Amino acid sequence: MTIEDERAIREGQSFDESVWQTHAFCLISPDSLREQRVGAILDHLAVAGFKPVGWREVRVTAQQIDAIAEIQKVGAGSTFRYRALDALFSLGPSVALRLRDEVSRSAAERYAVLHEIKGGTPPRTRPGSIRHEVGSVNAILSLLHLSDSPANAARESAAILGPEPLAAFHDGGTFDGYLSVLARTQPKESRDHVAVLGALRGRIVSALWTELGDEGRALADRLTARGELARPDAGRRLAALVRPEAAGHPLLAVLAHPFDPSAAPWDLSEVDLVLRRHGCACDSWEMAVLTTSQYFEPVLTTKGAHGHADRDHDLGTD
């Protein structure tokens, strides 16, 4: 996309909205592809009467994130989203979809239906919606974006696909094969915030094992046996039990940090250097989950943080 194209999008220059009177623009985010949830998303859309008739794999850039924010009129108070969105789109490709409405509806009705079926943030607020039923980690790792009007669909598709977005779409008939190849060849991600934070703390505890002392090792054993290592207070309790001579160890601050909005967010690129230095590095999925959950409350979807199963218990609000 040229500088002139980006300026046109930012300044609200008109784009052809005609096709978006009967279609909708959807962006399937990288977390959906990594978790192999696209099929479930398409099933929900199909029930609501929407069929993908065009698609394209895309790598969303920081400039495109900025352009979408401009279109959505995201204010300065929401700029903290940018770091979280950078973490999301660094996970890999997204998929842009052109959805055809198979039901005779007005544009207003169509986009109202899409708004409801997409679901809210936090995800648990709309039972029956995609984000509630398919499941998402938090308000950023939330599976998909759907434009909210024909005008925004025109502008957002141009921001992602260039000034001639309709020409950029592949035929929808080839999309199933694309998804099948990914499903057969790529590992399916399933770790939520509980699993990610528990694994990170487990690596840190292992690295500090001889520094914890008898009481600390006993607590670590109890927490891991109960699946409670990701409890908000677990890391802090363990960090307080290290031997006095290890009190300044750089891993202790990471162990005690909750990685949720209850504490000031950290720059995880700096944290990653500390973790790598001590053999506790995070992979890309862990980095994305921990980064985004510092800004947006995670949803518990596995047994762990509080020692009980909770399919969709949101820890807070958007």
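Here the sequence shown is numbered in the numbering used here, starting from 43 and rising by one per residue.
Glycine is no exception: its CB is placed at the ideal position from the N, C-alpha and C atoms.
Computed from a predicted model, the values in this text were never measured in an experiment.
- With respect to V137, L75 sits close: the two C-beta atoms are nearer than 8 Å.
- Within the same chain, Cβ atoms closer than 8 Å to the Cβ of D314 are found at A323, C324 and M329, the five residues on either side in sequence being excluded.
- As the crow flies, the alpha-carbon of A249 is around 26 Å from that of P303.
- Under DSSP, A66 takes part in a beta bridge, and its partners are L141.
- For the pair F338 and K93, the Cα-to-Cα distance works out to about 31 Å.
- Annotation for G255: L283, V284 and R285 place their beta carbon closer than 8 Å to its own, counting only its chain and skipping 5 residues before and after.
- With contacts defined as CB atoms closer than 8 Å, L203 and A195 fail to qualify as a contacting pair.
- Per DSSP, E59 is not a residue of any alpha helix (DSSP H), being assigned neither H nor E.
- Collapsing the DSSP output to three states places E112 in a helix.
- In this structure, the alpha-carbon of L265 lies about 15 Å from that of V238.
- DSSP links G96 through a beta bridge to R140 and D213.
- A residue is called buried once 16 or more other Cβ atoms fall within 10 Å of its Cβ, and R233 is buried on that count.
- Contact annotation, P135 with V80: C-beta distance approximately 12 Å; criterion of less than 8 Å not satisfied.
- Residues of the same chain with a CB within less than 7 Å of the CB of A305, apart from the 5 flanking positions on each side, are H299 in chain order.
- In the structure shown, the three-state DSSP call for L342 is strand.
- If you draw a straight line from the Cα of A262 to the Cα of G290, it comes to about 20 Å.
- Using a Cβ distance threshold of 8 Å, P192 and Q63 count as a contacting pair.
- Between the C-alpha atoms of A272 and R245 there is a straight-line separation of about 12 Å.
- Judged by DSSP secondary structure, H86 falls within the alpha helix (DSSP H) whose first and last residues are V80 to V89.
- Excluding sequence positions up to five before and after L139, its CB lies within less than 6 Å of the CB of C68, P94 and W97, all in the same chain and listed in chain order.
- In this model, D213 and Y220 are separated by some 12 Å (Cα to Cα).
- The beta carbon of I182 is closer than 6 Å to those of A126, L130, T334 and F338 in its chain, skipping five residues each way along the sequence.
- Relative to the Cα of L188, the nearest Cα in the group A154, G170 and R168 belongs to A154.
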